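Remarks on the structure that follows.
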Amino acid sequence: EAKGRGRNTFHFFDQAMNARALRRMDIEMALRQAIPQNQLELHYQPKIASASGALAGVEALVRWRRPGEGLVQPDEFIPLAEESDLIVAVGEWVLNEACRQIRDWEARGFGEVAVAVNLSPRHFLHEKDVDGIFRIVDQSGVRPDLIEVEVTESTFMHEPEKVIGYLNRLRDRGFGIAIDDFGSGYSSLSYLRRLPITTLKIDRAFVMDIEHNADNAEIIRAIIAMANAMGLGLIAEGVENRHQFEFLRHADCGVVQGYYFSRPLPPADLEAQLVRQGADSMAPLSLSASQT
Ligand code: C2E
Ligand code: MG
Ligand code: MG
Ligand code: MG
């Protein structure tokens, strides 16, 4: 009896593992094809200057329009892509498309929109991949200061000296560099001083809890004070309501981003928003909370 149940349990577990492994292989093979077959697309989430409401730029977030499956969100394929060099190909596609979009917005009178792109830790392991970043942006003709590279703290876990060297090269050329999900990792403050970064992006987990967790409100104030002391820009991500926004604005967090202002939007929807606000290329583009 016990033996039988054991065997059944094992059998079930085995099948579940098998299904998972198959699903992973399926995603990985299909994702390799997705790039040449043009199935990836970028959505853009506005970043808002908290004092003026002006558009401070956008973050590019990748989606996969997979035939027969609809729009696949990054959490379903980015972690898998990060297990191999496939993520470098994804990153290069994203950067290339973001540059094309910047030029397109410029040409069509939307002005110079700064775009943040997410690059995986793996993108900073080999010099040739970092050279690829320069090649793509140079070829596009986009000014590097319109590009902000978002990296997570884990980017510095392996061979930090090498990675810092690469990021210094990006800094020297004028790229912005933000630490994404800041506060969720383990960086010590003294370590942070050595990184060639321009912006701290406060992790959504702290913002989410502002109303209910006095400790997190204090952590946010401390991060803001530290960023100010170090001359770093600040963005809070995951702002979902007016209360959170007001807290951050009063705490002097320069830039905010979240569903309260807008979800990530396909380019045409973002453009419609900008036009609806009566924006032209001379005036600051502003988005008012919160129509979505
Ligand atoms: P992230 O870079 O920290 O991006 C923020 C994520 O939070 C996005 O999810 C965004 O849609 C979501 N978000 C924004 N505002 C709110 C809010 O107010 N509330 C809540 N609950 N969520 C909000 P998304 O687009 O699903 O991306 C998830 C993660 O996937 C990203 O986190 C990033 O780590 C990764 N990712 C997305 N695009 C790329 C990419 O092009 N390359 C790489 N390497 N990773 C990417
Ligand atoms: Mg990000
Ligand atoms: Mg983030
Ligand atoms: Mg994240």
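The end of the sequence shown is residue 673 by UniProt numbering, with every number in the run present. Just so you know, even glycine gets a beta-carbon here, dropped at the ideal spot from N, CA and C. All values reported here derive from a predicted model rather than from experimental measurement.
- Beta-bridge partners assigned by DSSP to residue 445: 421 and 453.
- The beta carbons of residue 476 and residue 409 sit about 21 Å from each other, so the pair does not count as a contact at 8 Å.
- Using a cutoff of 8 Å, the CB of residue 582 counts as near ligand 2, since one of the ligand's heavy atoms is closer than that.
- Annotation for residue 470: 416 place their beta carbon closer than 6 Å to its own, counting only its chain and skipping 5 residues before and after.
- The closest heavy atom of ligand 3 lies less than 8 Å from the beta carbon of residue 585.
- Placement of the Cβ of residue 459 at a distance of less than 8 Å from at least one heavy atom of ligand 1 is found.
- One thing to note: residue 559 has its Cβ within 9 Å of the Cβ of residue 578.
- Where residue 499 is concerned, the enclosing beta strand (DSSP E) starts and stops at 496 to 499.
- Bounds of the beta strand (DSSP E) holding residue 614 are 614 to 617.
- With a cutoff of 8 Å, residue 399 does not count as near ligand 2, since its C-beta is closer than that to no heavy atom of the ligand.
- Taking residue 404 as reference, the option from 435, 440 and 461 with the minimal CA-CA separation is 461.
- Nearest to residue 434 by alpha-carbon distance, out of 459, 645 and 634, is 634.
- Contact between residue 658 and residue 428 is absent: CB atoms are separated by about 15 Å, not below the 8 Å threshold.
- Secondary-structure assignment with DSSP links residue 426 through a beta bridge to 440.
- With fewer than 16 other beta carbons inside 10 angstroms of its own, residue 520 counts as exposed.
- When the beta-carbon positions are compared, residue 613 and residue 581 come within less than 9 Å of each other.
- Every residue whose Cβ sits closer than 6 Å to any heavy atom of ligand 2 is listed here in chain order: 440, 499, 531 and 561.
- In the structure shown, residue 491 falls within a coil segment according to DSSP collapsed to helix, strand and coil.
- C-alpha of residue 556 to C-alpha of residue 399: approximately 44 Å in a straight line.
- In chain order, 624 place their CB closer than 6 Å to the CB of residue 592, counting only its own chain and leaving out the 5 sequence neighbours on each side.
- In the three-state DSSP reduction, residue 531 falls in the strand class (E or B).
- By the CB criterion at 9 Å, residue 505 and residue 536 fall inside the cutoff.
- Not a single heavy atom of ligand 1 lies less than 8 Å from the C-beta of residue 579.
- If only complete runs of 3 or more residues are kept, the stretch 567 to 644 shows the beta strand (DSSP E) at 580 to 583 and 614 to 617, in order along the chain.
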